[in-house]
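K.L.:
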Amino acid sequence: IWNRYQRTADLAINKDKDLSGREAGLLAYWPLNQGMGELSEEKVQQRNAFIHTPWAIEPATRSIVFNGSSFVKIPGTAFTENQDFTVEFWFKHTGGNGRTSLLSNGVNADGSEDHSLEWAIELNELGQVELVQDGVTFSAVAKPVNDHKWHHFAMVVNRIGNTAFYLDNELRKPLPPEA
Numbered sequence: 015i016w017n018r019y020q021r022t023a024d025l026a027i028n029k030d031k032d033l034s035g036r037e038a039g040l041l042a043y044w045p046l047n048q049g050m051g052e053l054s055e056e057k058v059q060q061r062n063a064f065i066h067t068p069w070a071i072e073p074a075t076r077s078i079v080f081n082g083s084s085f086v087k088i089p090g091t092a093f094t095e096n097q098d099f100t101v102e103f104w105f106k107h108t109g110g111n112g113r114t115s116l117l118s119n120g121v122n123a124d125g126s127e128d129h130s131l132e133w134a135i136e137l138n139e140l141g142q143v144e145l146v147q148d149g150v151t152f153s154a155v156a157k158p159v160n161d162h163k164w165h166h167f168a169m170v171v172n173r174i175g176n177t178a179f180y181l182d183n184e185l186r187k188p189l190p191p192e193a
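If you use this note's numbering, the sequence shown corresponds to residues 15 to 193, in order.
#1: Among the candidates Ala154, Trp133, Leu137, whose CA atom is the shortest distance from the CA of Asp148?
#2: For Thr108, which three-state DSSP category applies?
#3: For the candidate residues Phe64, Asp32, Ile174, Ala178, whose alpha-carbon lies nearest to that of Pro45?
#4: So the beta strand (DSSP E) Ala42 belongs to, where does it begin and stop?
#5: List the endpoints of the continuous beta strand (DSSP E) containing Leu137.
#6: If you follow the beta strand (DSSP E) that Ala23 is part of, which residue opens it and which one closes it?
#7: For a test of the three-state rule: what should DSSP assign to Leu116, helix, strand or coil?
#8: Which value, in whole angstroms, describes the spacing of the CA atoms of Gly112 and Glu136?
#9: Going by beta carbon distance, what residues of the same chain come within less than 7 Å of Thr114, once the five residues before and after it are set aside?
#10: Drop a sphere of 10 angstroms on the beta-carbon of Ala63, count the other beta-carbons inside from all chains shown, and report buried for 16 or more, exposed for fewer.
#11: Can the beta-carbon of Phe99 be found less than 7 Å from the beta-carbon of Val159?
#12: Drop a sphere of 10 angstroms on the beta-carbon of Thr177, count the other beta-carbons inside from all chains shown, and report buried for 16 or more, exposed for fewer.
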């Protein structure tokens with residue numbers, strides 16, 4: 015709740031921000047980011063609200079915080095080299111400016127490589143998304159995404175068509191099938 019009229023542009027600027035509660039003109043703010051429970055915390059004057067109905071954020075999801083050396087290992091093969099597939103995930107980069115692996119099916123946690131798989135989706139030193147396959151690097155998203163914001167990334171592989179990259183629901187770059 016604000017003490018003044020909010021233009022559409024003002025709302026757009028703040029829609030993805032996690033407000034602190036100390037913003038000028040903000041009278042009350044219940045972010046409802048607890049995901050469940052009976053109490054919603056208010057960030058301006060600590061006027062917490064009791065929620066008297068069952069509620070949850072749908073679809074229910076889970077997230078994992080990685081510390082730079084942690085990983086998740088999924089056994090087995092998800093798809094073959096002749097199969098069409100889509101890989102999608104959410105990420106928020108809060109680290110430094112070095113090369114970062116977002117998703118890989120060919121590099122083990124100890125840095126050793128498994129060449130039977132051989133591809134990775136990475137952030138380069140400029141924060142741009144790249145696909146590394148068989149030692150060749152392709153630009154997937156030229157826009158830097160190391161901005162401490164959540165982004166949705168999707169890679170759609172059509173073996174007889176092309177490979178397309180999406181960032182935040184926008185087509186960024188298609189690659190021809192021979193790439």
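Ideal Cβ placement from N, Cα and C applies to all residues, glycine included. Please read all numbers here as calculations on a predicted model, not as lab measurements.
P.N.:
A quick look at the data gives this:
#1: What you label residue 148 is simply residue 134 of the sequence shown in a count that begins at 1. Checked all of Ala154, Trp133, Leu137; the closest Cα to Asp148 is Trp133.
#2: Numbered from 1 along the sequence shown, position 94 holds the residue referred to as residue 108. Note: Thr108 maps to coil in three-state DSSP.
#3: Locating residue 45 in the sequence shown gives position 31, where the first residue counts as 1. Looking at the Cα atoms, Asp32 is the closest of the given residues.
#4: On the sequence shown, position 28 is the one that residue 42 refers to. No beta strand (DSSP E) holds Ala42; DSSP gives it neither H nor E.
#5: Numbered from 1 along the sequence shown, position 123 holds the residue referred to as residue 137. Element bounds for Leu137: 133 to 137.
#6: By 1-based counting over the sequence shown, the position of residue 23 is 9. Looking at the DSSP string, Ala23 is not in any beta strand (DSSP E); the run it does join, the alpha helix (DSSP H), is 22 to 28.
#7: Start at 1 with the first residue of the sequence shown, and residue 116 comes out as number 102. Leu116: strand per DSSP, three-state reduction.
#8: Walking along the sequence shown from the start, residue 112 turns up at place 98. Walking along the sequence shown from the start, residue 136 turns up at place 122. So the two alpha carbons sit approximately 10 Å from each other.
#9: By 1-based counting over the sequence shown, the position of residue 114 is 100. Only residues of its own chain outside the window of five on either side were considered, and among them His107, Glu136, Leu137 have a CB closer than 7 Å to the CB of Thr114, listed in chain order.
#10: Translated into the one-based positions of the sequence shown, residue 63 becomes position 49. Counting Cβ neighbours within 10 Å, Ala63 comes out exposed, since fewer than 16 surround it.
#11: The sequence position of residue 99 within the sequence shown is 85, counting from 1. The sequence position of residue 159 within the sequence shown is 145, counting from 1. Cβ distance not < 7 Å, so Phe99 and Val159 don't count as in contact.
#12: Taking the sequence shown and counting its residues from 1, the one referred to as residue 177 is at position 163. The residue is buried, with at least 16 neighbouring Cβ atoms inside 10 Å.
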